[in-house]
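The structure appears right after this line, and notes come after that.
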C-alpha cells in the first residue's frame, strides 16, 4: 500500500495466518497500523508477531468466546474461512453449520461489536468476501 498511512489506526484481521489475511496483516502493519491478527493456526501467527502485530489464536466459529466485549478498531477484515468439497448428499450437516457460523455469522457478530463500541468514532471499513457472495445470491 505505497503512499497510504495507517498510523493511529487499529485493524482486526481474521484468517490472518495465511493467504490474503497474512498479506493484509503485513501490508497494514507496514503502513503503520496496529494490527490484531486472528487465526486458529498458532504456528502461523507466531511468525507474524511483532511490535505492531498482536496475535490471537481463536476458532472463530464461536466468536463470543474470544470477543465478548465491543471492539474498538478502525478497520475490520473478516477473512477467516474454510472449504469443504463433497456432493451435497454426503456433505456433513455439522460441517455446514461450522462453515455458516464461521463465514456468515462471525463477520456479522464482529461488525456489530465494532459498531457498538463507545470508542468507535470513525467510519468502519469491513471486508468479507463470503458475506457478499451469500447476500448477493437470490
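Numbering (this note's numbering), first residue to last: 6 to 143.
Ideal Cβ positions, reconstructed from N, Cα and C, are used throughout, including at glycine.
{"Asked": "Which word fits residue 39, buried or exposed, when buried means at least 16 other C-beta atoms lie within 10 angstroms of its C-beta?", "Found": "buried"}
{"Asked": "What residue does the alpha helix (DSSP H) around residue 52 start on, and which one ends it?", "Found": "47–53"}
{"Asked": "Under 7 Å between the Cβ atoms of residue 76 and residue 19?", "Found": "no"}
{"Asked": "Output the distance between the C-alpha atoms of residue 12 and residue 94, rounded to the nearest integer angstrom.", "Found": "50 Å"}
{"Asked": "When we look at the beta-carbon of residue 42 and count the other beta-carbons within 10 Å, is it buried (16 or more) or exposed?", "Found": "buried"}
{"Asked": "Go ahead and pull the three-state DSSP assignment for residue 36.", "Found": "coil"}
{"Asked": "How big is the Cα-Cα spacing for residue 108 and residue 54?", "Found": "24 Å"}
{"Asked": "Indicate the three-state DSSP secondary structure (helix, strand or coil) for residue 25 in the structure shown.", "Found": "helix"}
{"Asked": "Is it right to say residue 102 is buried, meaning 16 or more other beta carbons lie within 10 angstroms of its own, or is it exposed?", "Found": "exposed"}
{"Asked": "Going along the chain, which residues of its own chain have a beta-carbon closer than 7 Å to the beta-carbon of residue 72, five neighbours each way excluded?", "Found": "115, 118"}
{"Asked": "Which whole-angstrom value describes the C-beta separation of residue 30 and residue 47, a residue pair presumed to lie in contact below a C-beta threshold of 8 Å?", "Found": "With a Cβ gap of about 15 Å, residue 30 and residue 47 do not count as contacting."}
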